[in-house]
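Novice: Be aware that the sequence shown starts at 1, since it is given in full-length UniProt numbering, and climbs by one per residue. Sharing a structure here in structure tokens format.
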Amino acid sequence: MVAVTAAPALSAPPAGWPKLIVNQNGNGNYVVNSQSGNGKSKFDIYSDGDNNVGVNTQKAGGGCIFIICAYGENNDVVTQYGNRNKTDVNQEIGLGKNNSNILQDGNRNSAKVKQKATAGLLNSNIQQQGSWNKADIDQEATLGAQDSTVYQVGLGNYAKKKQRSTVGANTSFTLQAGALNYSDTDQKGTNGEATVQLGILNGAKTKQDGDLNVSLTGQLGVLNGSVTDQKGDENTAVTLQGGAVQFSKTKQEGDGNSAATVQLGALNTSQTDQHGNDNESTVVQTGVGNASHVDQNVTNGGWSSVSQTGNGNTVISYQNN
């Protein structure tokens, strides 16, 4: 736990906003905040201690009647220092913006954010430093854009992101440094996702459903694994791995998709599975004892390229046209 002598200065919202600012120093503290109505709301909480809990529910804008929505904004900033702390944020608007920023420094902390909008912008940012922490972001918008960011440094951390949009763009970024970390991203709509993991025994899973999606996974270390699953057309999946005993699996269902895997090191394995037309697969491996497996099941078009440099490497390719 990082020692803190004084609470930071918390920002004051403009006049007229419903607002709650809480400072807590000690253990076993509990805060429940509920804000609703037209306009904008703001909630700031700062705690230094163990086993503290913050629960925040914000509903601004007054919702929608048929297709007519009142504008609103929900804003929260949560800072927790200590162990076994928990933050639960629920933000909902008809038209407007949801913004959530959470910082936790310690071990076995939990941060959960749920954001929902009929039409608007959703933004969630979670930063955790320590071990065995959990970050969970759930975003849903009928019309609008969503953005989620998770930074975790330590051991045994878990990041889960779920994004749903009917019309709009979803973006997600996850950075994990350490060991035994896991990232799980599930997106539906028009999506962009990037996951970066540094360390050993890390795992990354990405699932995207929609067209024109982009997935980028980068892993550096030993004994890491990456799984990417895309359904739709014109999707792109890129996996970059450096180290030893890495595993990469990419599955794409749809037309005009592209998959690229680059592995640098030894005893790495790449598996690509594509179903659809005019799909492309590229695999580059440099090192010793690497293996590449490409499976393409197409009606029309499609090509595959495998480049290996080193000794004891293996290529298995299956193409059904």
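A virtual CB, placed ideally from N, CA and C, is assigned to each residue, including glycine.
Taking only the alpha-carbon atoms, compute the straight-line gap between glutamate 253 and leucine 155 and give it to the nearest angstrom.
Specialist: 34 Å
Novice: Rounded to a whole number of angstroms, what is the C-alpha to C-alpha distance between glutamine 208 and serine 183?
Specialist: Their Cα atoms are separated by approximately 14 Å.
Novice: Return the Cβ separation of leucine 267 and valine 245 in integer angstroms, given the expectation that the two are a contact with Cβ distance under 8 Å.
Specialist: 5 Å
Novice: Which first and last residues belong to the beta strand (DSSP E) in which glutamate 92 is found?
Specialist: Segment 86 to 105, the beta strand (DSSP E) holding glutamate 92.
Novice: Is DSSP giving aspartate 278 helix, strand or coil here?
Specialist: coil
Novice: Measuring CA to CA, which of Thr228, Asp211 and Lys251 is closest to glycine 203?
Specialist: Thr228
Novice: Which residue wins for smallest C-alpha separation from glutamate 140, given the options Ser110, Gln163 and Asn191?
Specialist: Checking every option, the nearest Cα to that of glutamate 140 belongs to Gln163.
Novice: What does DSSP give as the partner residue(s) for serine 317 in the beta ladder?
Specialist: Val294
Novice: Closest to leucine 143 by C-alpha separation, out of Ile126, Asn224 and Thr166, would be which residue?
Specialist: In this structure, Thr166 is the residue among Ile126, Asn224 and Thr166 with its C-alpha nearest to the C-alpha of leucine 143.
Novice: Just checking my contact of asparagine 101 with glutamine 91 at CB under 8 Å: how many whole Å lie between their CB atoms?
Specialist: Taking a contact as a CB-CB distance under 8 Å, the pair asparagine 101 and glutamine 91 does not count as one, their CB atoms being some 12 Å apart.
Novice: Taking buried to mean at least 16 other C-beta atoms within 10 Å of its own C-beta, is serine 248 buried or exposed?
Specialist: Around the beta-carbon of serine 248, 16 or more other beta-carbon atoms lie within 10 Å, marking it buried.
Novice: Starting from the Cα of lysine 112, find the closest Cα among Asn133, Leu175 and Gln129 and give me that residue.
Specialist: Asn133
Novice: Quick check on this structure: which residue in Ile45, Glu73, Asp273 and Asp138 has the alpha carbon closest to the alpha carbon of asparagine 38?
Specialist: Glu73
Novice: Suppose contacts are defined by Cβ-Cβ distances below 8 Å. Is asparagine 125 in contact with threonine 149 by that definition?
Specialist: yes
Novice: Smallest Cα separation from valine 288: which of Gly301, Val153 and Leu264?
Specialist: Leu264
Novice: Which first and last residues belong to the beta strand (DSSP E) in which glutamate 73 is found?
Specialist: 71 to 81
Novice: Using a Cβ-Cβ cutoff of less than 7 Å, which residues in the same chain neighbour leucine 30 once the five nearest sequence positions on both sides are dropped?
Specialist: Leucine is not the amino acid found at residue 30; the sequence shown has tyrosine there. Val53, listed in sequence order.
Novice: If you drop the 5 nearest sequence neighbours on each side, which residues of the same chain put their C-beta closer than 6 Å to that of valine 294?
Specialist: Thr272, Ser281, Ser304 and Ser317
Novice: At which residues does the beta strand (DSSP E) containing valine 167 begin and terminate?
Specialist: 158 to 179
Novice: Please name the residue or residues paired with serine 41 in a DSSP beta bridge.
Specialist: Answer is Asn74.
Novice: Cβ atoms of asparagine 85 and threonine 57: under 8 Å apart, would you say?
Specialist: no
Novice: For threonine 269, which residues from the same chain have a beta carbon less than 6 Å from its beta carbon, with the 5 sequence-adjacent residues on both sides left out?
Specialist: If the five residues before and after threonine 269 are omitted, its C-beta is found closer than 6 Å to the C-beta atoms of Phe247 and Ala291, all from its own chain and listed in chain order.
Novice: Hey, quick one: how far does the beta strand (DSSP E) through valine 113 stretch, first residue to last?
Specialist: Judged by DSSP secondary structure, valine 113 falls within the beta strand (DSSP E) whose first and last residues are 110 to 129.
Novice: Taking aspartate 147 as the reference, give the member of Gln128, Thr190 and Gly218 with the closest Cα.
Specialist: Thr190
Novice: Out of Gln104, Lys114 and Val196, state which residue places its alpha-carbon closest to the alpha-carbon of lysine 122.
Specialist: Note on identity: in this sequence residue 122 is leucine, with lysine being the wrong assignment. Nearest of Gln104, Lys114 and Val196 to leucine 122, Cα basis: Lys114.
Novice: If you reduce the DSSP assignment to three classes, tell me which class glutamine 246 lands in.
Specialist: coil
Novice: Keeping to the same chain, check which residues put their C-beta closer than 6 Å to that of glycine 106; ignore five residues upstream and five downstream.
Specialist: Met1, Gly82, Asn83 and Gly130
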